[in-house]
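Residue numbers (our numbering): 21 to 473. Every residue, glycine too, gets a C-beta built ideally from N, C-alpha and C. The structure appears below as structure tokens.
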């Protein structure tokens with residue numbers, strides 16, 4: 021096990037020596053994010069350029085969020101849990117981030133650390149320091165700046181929920197700025213979804229920013245990459261907040277069905293950070309607090325927090341569009357793994373997101389055009405000991421538990437994280453969407469046999 025320090029640097033004057041670290045025994049990795057001309061390097065500069073092309077100039081506090089998210093992403097994706105954590109899961113990371121207002125950010129230190137611990141399950145310490153003189157202003161305002169014509173910012177992943185979310189926003193007359201992040205296979209789905217929506221509501225190009233921010237394998241010396249990416253949504257929401265900081269009091273939309281947002285562990289062993297929390301209500305509430313303290317006027321909202329995926333499809337504002345093209349979206353948690361096995365990337369059909377997707381398509385449309393590796397769940401009995409079938413069996417067991425243990429969903433929804441930010445009525449609605457979501461998947465699994473092999 022090794023303790024790691026990730027130092028975000030902006031030019032030569034922004035570097036740190038090992039003896040300047042809070043833990044001098046820590047392995048130091050420097051992320052140099054400023055090029056020789058004093059511009060943000062690589063993907064970060066491109067993000068600001070893309071926003072500028074749409075007349076959006078973020079605040080320097082918004083740029084600070086981007087720098088913080090870059091450091092989080094580097095640590096989360098390039099520090100292996102298996103080799104670097106004592107328990108093969110919980111990593112220890114110190115993060116050093118240059119910001120425009122260290123006094124303001126230092127007041128948020130504990131809050132940010134709490135968010136990251138909740139999200140990834142790692143032990144984070146975050147240290148904010150002043151940006152060097154060469155990087156005081158990173159979001160340059162052009163001489164002639166037109167007022168941007170956006171009234172909200174929405175995440176757009178290429179998944180089914182964001183596809184529905186985009187349709188609903190545009191159909192309602194809203195003027196959203198869509199924010200996507202791509203790294204690997206997700207880019208094709210984002211392009212396809214944008215094209216399908218654009219054919220009905222007008223070209224999405226002028227209102228779609230696509231960011232590519234990531235780090236090559238090997239930036240942390242002698243350490244393998246990490247594929248769990250538990251902290252990925254910190255980057256996604258930070259990108260949306262970056263854009264929102266250049267607008268005036270807008271909604272920041274995170275479209276996700278309630279079952280996935282809660283992500284209640286179906287198996288008692290899958291507690292804590294072993295279950296993802298990327299859009300959990302507690303986490304989104306912490307984002308709202310952080311943005312408020314930073315002076316970024318944006319309201320974080322998940323309009324589908326009380327909807328199952330099937331309900332989202334059935335209630336989508338443009339039924340023809342969603343019926344015709346929902347199958348082209350991506351849901352699978354391991355969409356690229358097929359490629360490693362010599363097959364074209366595609367949906368496995370048996371992971372939790374795939375099962376929820378299949379159930380939603382059945383619920384809303386009575387069928388599903390998606391191609392799955394496990395095409396027919398009923399073709400033969402499934403081996404309970406095979407890892408790929410564990411999610412199917414877990415859904416079946418949870419369905420049986422909800423049937424026999426009255427109102428237990430009211431307790432289970434609190435397991436992944438606190439819901440104390442919400443009223444008792446909202447907590448009851450979260451319990452209802454969990455029960456409804458499990459029932460929805462249960463209808464998909466009628467007649468599916470899982471037994472010891």
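Query	Result
Rounded C-alpha distance that separates residue 134 from residue 123	19 Å
Cut-off 6 Å between Cβ atoms - residues of its own chain near residue 338, not counting five sequence neighbours on either side	187, 191
Per DSSP, the bridge partner or partners of residue 172	196, 271
For residue 43, the nearest candidate out of 31, 57, 26 (CA to CA)	26
Residue 450 vs residue 193 beta-carbon contact at 8 Å	no
Supposed contact pair residue 196 and residue 11 - C-beta distance, whole angstroms, cut 8 Å	With the chain covering only 21 through 473, there is no way to say anything about residue 11.
Own chain partners of residue 360 with C-beta closer than 7 Å, once the 5 adjacent residues on each side are dropped	Here residue 360 scores only 43 on pLDDT, less than 50, and its place in the model should not be relied on; the value that follows carries that caveat. Around residue 360: no qualifying Cβ.
Classification of residue 423 by the beta-carbon crowding that lies within 10 angstroms, buried from 16 upward	exposed
Spatial neighbours of residue 456 in its chain, beta-carbon cut-off 6 Å, leaving aside the 5 residues before and after	328
Secondary structure of residue 51, DSSP reduced to three states	strand
Residues near residue 189 in its chain [Cβ-Cβ closer than 8 Å; skip 5 each side]	172, 174, 196, 273
Distance CB(residue 233)-CB(residue 82) smaller than 8 Å	no
Other residues of its chain near residue 154: CB distance less than 6 Å, five sequence neighbours each side excluded	31, 58
Whether residue 299 touches residue 276 by CB criterion (8 Å)	yes
Same chain only: Cβ atoms within 6 Å of residue 380, ignoring 5 sequence neighbours per side	329, 330, 333
Whole runs of the alpha helix (DSSP H) within the region 300-385, excluding any shorter than 4 residues	301-314, 329-334, 339-345, 357-360, 372-385
Same chain, Cβ closer than 6 Å to residue 372, neighbours up to 5 away in sequence not counted	411
Helix, strand or coil at residue 157 [DSSP, three-state]	coil
Of the residues 402, 48, 440, the one placed nearest residue 473, counting alpha carbons only	402
Per-residue burial, residue 296 [other beta carbons within 10 Å of its own, 16 or more giving buried]	buried
Where the beta strand (DSSP E) containing residue 163 begins and where it ends	Careful: residue 163 lies outside any beta strand (DSSP E) and carries neither H nor E.
Limits of the alpha helix (DSSP H) - the one that residue 138 falls within	129-140
Residue 184 in three-state terms, based on DSSP	helix
Cut-off 6 Å between Cβ atoms - residues of its own chain near residue 475, not counting five sequence neighbours on either side	An answer regarding residue 475 cannot be provided, because it is not within the stretch 21 to 473 covered by the chain.
Option in 113, 398, 152, 271 with minimal Cα separation from residue 321	271
Euclidean distance between Cα positions of residue 163 and residue 73	13 Å
DSSP beta-bridge partners of residue 26	49, 115
8 Å contact criterion, which residue 347 and residue 396 should meet: CB distance rounded	About 17 Å separates the two Cβ atoms, so there is no contact after all.
Residue 453 (DSSP reduced to helix, strand or coil)	helix
Contacting residues, own chain, Cβ-Cβ under 7 Å from residue 488 (five flanking each side not counted)	Because the chain spans 21 through 473 in this model, residue 488 falls outside it and cannot be assessed.
Any non-hydrogen atom of the ligand SAM closer than 7 Å to residue 79 Cβ	With respect to the ligand SAM, the structure offers nothing, as it holds no ligand at all.
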